[in-house]
Amino acid sequence: MKNCVEVTGIEVYAYHGCLSEEAVLGGKYIVDVELYTDFSISAITDELADTIDYVQVRSIVVEEMGIRSKLIEHVAYRINKRFKESFPTLISARIKVRKLNPPIEGVVKEVAVIIED
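Position one of the sequence shown corresponds to residue 1 (our numbering), numbered consecutively onward.
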């Protein structure tokens, strides 16, 4: 059985980007996560230990977003890697990292990368 645990709208202030100003000023990011697993056991046991802990999901995202990278692609890859290491029942994942108001000429609301594994 393949089920999904979603944690969406994780807001983080971080310092990613290729421009030196981004390392100083930082910016707002939003991360959405879909983790596919089989939670038929936790549905029966009603025990957190038998599923993916939402608190741990958020903690991993915040920790990885706190490590500066030039590219949000790199950050998304690291988040996905940590999920694989942390959740043995993980079947697949979808991670979306959105950078709000990127420093691009003209008006751009956000840019995003998505990793589906």
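All C-beta atoms in this analysis are idealised placements derived from N, C-alpha and C, irrespective of residue type, glycine included.
Query	Result
Pull up the CB-CB distance for Lys-96 and Asp-46, whole angstroms please, since I reckon it's below 8 Å.	Rounded, the Cβ-Cβ distance is 30 Å, inconsistent with contact.
Three or more C-beta pairs closer than 8 Å, one from the stretch 67 to 80 and one from the stretch 36 to 54: is that the case here?	no
Let me confirm a value: Tyr-29 is counted as buried when at least 16 other C-beta atoms fall within 10 Å, else exposed. Which label applies?	buried
Let's see if you can read the secondary structure: which residues bound the alpha helix (DSSP H) around Lys-84?	72 to 86
Quick check on the DSSP output: the beta strand (DSSP E) that includes Arg-94 runs from which residue to which?	92 to 100
Taking the beta carbon of Gly-9 as the centre, do at least 16 other beta carbons fall within 10 Å, making it buried, or is it exposed?	exposed
What residues in its chain sit with their C-beta under 6 Å from that of Ile-115, if we drop five residues either side in the sequence?	Ala-76, Asn-80 and Ile-95
Using 9 Å as the threshold, is the C-beta distance between Leu-35 and Leu-90 below it?	yes
Is the beta carbon of Pro-103 closer than 9 Å to that of Glu-11?	no
Per DSSP, which residues does Cys-4 bridge with? Please list them.	Tyr-36
Helix, strand or coil for Glu-116 per DSSP?	strand
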